[in-house]
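These notes are about the structure you will find just below.
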Amino acid sequence: MDSGDRTMSTKQGERPEIIGRGTWYDKAAAELIEREKKLGRSLDCIRTESGLGASGIPHIGSLADVLRNHAVAQGVRIQGYDAEFIAFSDDKDGLRKVPVGLPDELEDWLGFPVSSIPDVLGGCHDSFGAHITSLLLEAVEVSGVDYTFMSGTKVYEEGVLNDEIVAIMENHGKIGTIIQEELGQEKYTDTLPYFAVCESCNRIYTTNAYRYVPEEQKLLYRCKGMEVKGRWLEGCDHEGEVDVTAGRGKLSWKVEFAARWHALDIRFEAYGKDIADSVRANDRICRDIFGWEPPMHVQYEMFLDRGGKKISKSAGNVFTPQVWHRYGSPQSLNLLILKRFVGTKSGSVEEIPPHMDELDDLEEVWFGKRKVKDPMENAKLRGLYEYVWMLNPPEEPGVHIPYNLLLNLAKVAPKGVEAKFIRDKLEDYGNLKDGDAGLERRIQYALNWIEDFGEPELHQVSLTAEEKKAISSLVAALGQATDEEAYQSSVFDVAREEGMRPGSFFQLLYGILLGKTRGPRFGPFTATMGKETVIAELKRAIDA
RNA sequence: GGGUCCGUAGCUCAGCAAGGUUUAGAGCGGUGGCCUCUUAAGCCAUUGGCCGAGGGUUCGAAUCCCUCCGGACCCGCCA
162 MDSGDRTMST KQGERPEIIG RGTWYDKAAA ELIEREKKLG RSLDCIRTES
212 GLGASGIPHI GSLADVLRNH AVAQGVRIQG YDAEFIAFSD DKDGLRKVPV
262 GLPDELEDWL GFPVSSIPDV LGGCHDSFGA HITSLLLEAV EVSGVDYTFM
312 SGTKVYEEGV LNDEIVAIME NHGKIGTIIQ EELGQEKYTD TLPYFAVCES
362 CNRIYTTNAY RYVPEEQKLL YRCKGMEVKG RWLEGCDHEG EVDVTAGRGK
412 LSWKVEFAAR WHALDIRFEA YGKDIADSVR ANDRICRDIF GWEPPMHVQY
462 EMFLDRGGKK ISKSAGNVFT PQVWHRYGSP QSLNLLILKR FVGTKSGSVE
512 EIPPHMDELD DLEEVWFGKR KVKDPMENAK LRGLYEYVWM LNPPEEPGVH
562 IPYNLLLNLA KVAPKGVEAK FIRDKLEDYG NLKDGDAGLE RRIQYALNWI
612 EDFGEPELHQ VSLTAEEKKA ISSLVAALGQ ATDEEAYQSS VFDVAREEGM
662 RPGSFFQLLY GILLGKTRGP RFGPFTATMG KETVIAELKR AIDA
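Numbering of the first sequence is given in our numbering, commencing with residue 162 and proceeding in unit increments.
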């Protein structure tokens, strides 16, 4: 037997069944279901969860966490089991720092639960936290995610976590040890992992809970202040007590995940590596305190901006989903987020054009316009397309135009008639033969891009005396010319007369008119711009 | 100190968690050409890589394991 034969037969023999839609999410969902079966738990409803930060402008990474956890829930459904995705707003968290770009008056609200801070962003919501949450939910909805919303504040008020809170309080000694062992943090060996809202000053991060009274399920606290983000928040010295089941405080992060997972019966949660340590401690609390196997986890990398810095919710230059949606479709952002699970991803506007094009390519595959030989590869691409559309792909493909082509057209489109100009050109180029579904939206994306990032024209082009003379001649020639062909010819005529190479002359012209060394064919371009406009620009360059 | 990710063509990256149509792909760039006088766009062709290094597993490794080198990030306050 030669190796070729063996290769063929072995390969065919080993080729596994395609799981679900063939993507990472299907694999994860399959593992999750398998794990739950082994644990002997109910498969009636498999829940995944994502925590929504409510203290700063939601960025791409916040949306990514939602999309990933949601995708796994969908993967579970594909395999025939019921699943639910929970979006849990951390709106009981206290404000620790004024996020860059947000009003300074938030300074006065440091340490307050964000759900108790007034909406300083326009007063259109019940609280600052509600406003922030709504920004993320808006993006989540545009992305097409179906979710069950929960507010941390409400969850505490309704007592959903009470059993877990009590168990944690009763075992706080053991928990302090776990945290100390897993994280090396000594604090909770003598402090209870619960932040009470101070009855006197209403802040949450200034209180220190020092004693638990099991008989009354209450704890004693002192508003002694705390260091938050390298800055001391002075307490009000109030001494008080709080019923831990009354929703007037919250668990520390070091234990809250565990409580949430157990109370809400969460079976899967992917998390960013920044909270890896917390997750590890919470997993142990699930096992050691609740006697319950924690959810399956997957750790993923943080989103990076172009410079390789973490996009922080509180560090300004926030690249939000809303920003992406101004220049690219929601599905193209979903693609960026979903196409790889673990690796570091860059979140910047430069990702938009390639992802718009990649999405078009996926659509070609989905609608069978592009054939993919390998069945596994084919399934993967089609599956990814489905996840990007949240399993609701469109029935008809949209028009596919390379994003850069749209940008180039948008760049040279005459003011006032941009959309028509672009459409006409695309018609000429034959890009609209299969219809124009979604074209208006694409044109708008490109126009938005050019409006915000278009290179400013070079205002100063230093001209030699010869060049000035040539430009003057051209101005004169253009004055006589009346159509595209004549405009085009004038350039060559003048170049000949002045003894210049047409090539360099064109370069000069585009430098003046577009700030670039190349540009559209001169004749039609002049017609589009308007002869008078071009002449005015050229004169300006001579005088400069 | 602990941990994660990355290293593939000049550039940006895909492929790696399902090892076998992979004698390794794409886009951009470069080069040559087409579209009536060179110039955007578009189209065609072409260029280009010891898959970071070394070892291991395997009939077979860019892909899995180990070590090392280089780059980035997270944690080591708090939440």
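Think of the CB as a built atom: it goes at the ideal place given N, C-alpha and C, for glycine as much as any other residue.
The structure presented is a predicted model; accordingly, all values stated were derived computationally and were not measured.
Check your understanding: Thinking C-alpha only, which one of 666, 272, 576, 208 is nearest residue 632?
Key -> 666
Check your understanding: Per the contact definition of three or more C-beta pairs closer than 8 Å, is the segment 260 to 276 in contact with the segment 445 to 465?
Key -> no
Exercise for review: Alpha carbon to alpha carbon, how far is residue 220 from residue 296? Give it in angstroms, no decimals.
Suggested key: 10 Å
Point to revise | Residue environment, residue 590, which counts as buried when at least 16 other CB atoms sit within 10 Å | key: exposed
Practice item. Would you list, in sequence order, the uninterrupted beta strand (DSSP E) runs of no fewer than 3 residues that lie entirely inside the segment 269 to 352? Key: 309 to 312
Point to revise | Terminal residues of the alpha helix (DSSP H) in which residue 508 lies | key: Where residue 508 is concerned, there is no enclosing alpha helix (DSSP H), given that its DSSP letter is neither H nor E.
Exercise for review: Note down the Cα distance separating residue 650 from residue 669, rounded to an integer number of angstroms.
Suggested key: 16 Å
Review point. Roughly how many angstroms lie between the CA atoms of residue 111 and residue 443, to the nearest whole one?
Key: For the chain, the structure presents residues 162 to 705; residue 111 sits outside this window and is missing.
Check your understanding: Mapping DSSP to helix, strand and coil, what is residue 401?
Key -> strand
Check your understanding: Quick one: any contact between the segment 223 to 235 and the segment 281 to 289, if contact means 3 or more CB pairs under 8 Å?
Key -> no
Check your understanding: From this set, 396, 389, 339, 351, which residue's C-alpha is nearest residue 361's C-alpha?
Key -> 396
Review point. For residue 660, which beta-bridge partners are listed by DSSP?
Key: Answer by DSSP bridge pairing: none, since residue 660 is not bridged.
Practice item. Spell out the partners DSSP gives residue 250 in its beta bridges. Key: 213, 312
**Study point:** Same chain, Cβ closer than 7 Å to residue 540, five either side skipped, listed in chain order
**Key:** 179, 182, 183
Check your understanding: To which residues does DSSP link residue 383 through a beta bridge?
Key -> 369, 400
Review point. Using the beta-carbon count (16 or more within 10 Å), is residue 350 buried or exposed?
Key: exposed
Exercise for review: Select from 516, 534, 557, 538 the residue whose C-alpha is nearest the C-alpha of residue 528.
Suggested key: 557
Check your understanding: What is the C-beta distance between residue 253 and residue 314, in whole angstroms, given that I count them as a contact (C-beta under 8 Å)?
Key -> 5 Å
Review point. Cα separation between residue 319 and residue 206?
Key: 22 Å
Exercise for review: Would you list the residues sitting across from residue 355 in a DSSP beta bridge?
Suggested key: 412
Point to revise | Neighbourhood of residue 384 by C-beta distance below 7 Å, restricted to the same chain and skipping five residues each side | key: 359, 361, 362, 367, 368, 396, 397, 398, 399
Practice item. Kindly list the residues whose CB is nearer than 7 Å to the CB of residue 420, restricted to its own chain and excluding five residues on each side of it in sequence; keep chain order. Key: 322, 325, 326, 329, 412
Review point. So residue 517 is in the alpha helix (DSSP H); what residue range does that whole segment cover?
Key: 513 to 527
Review point. Do residue 502 and residue 149 come within 7 Å of each other at the CB atom, strictly closer than that value?
Key: As displayed, the chain neither begins before 162 nor continues past 705, which places residue 149 out of reach and without an answer.
**Study point:** Spatially closest choice to residue 248 from 210, 686, 642, 588, by CA coordinates
**Key:** 210
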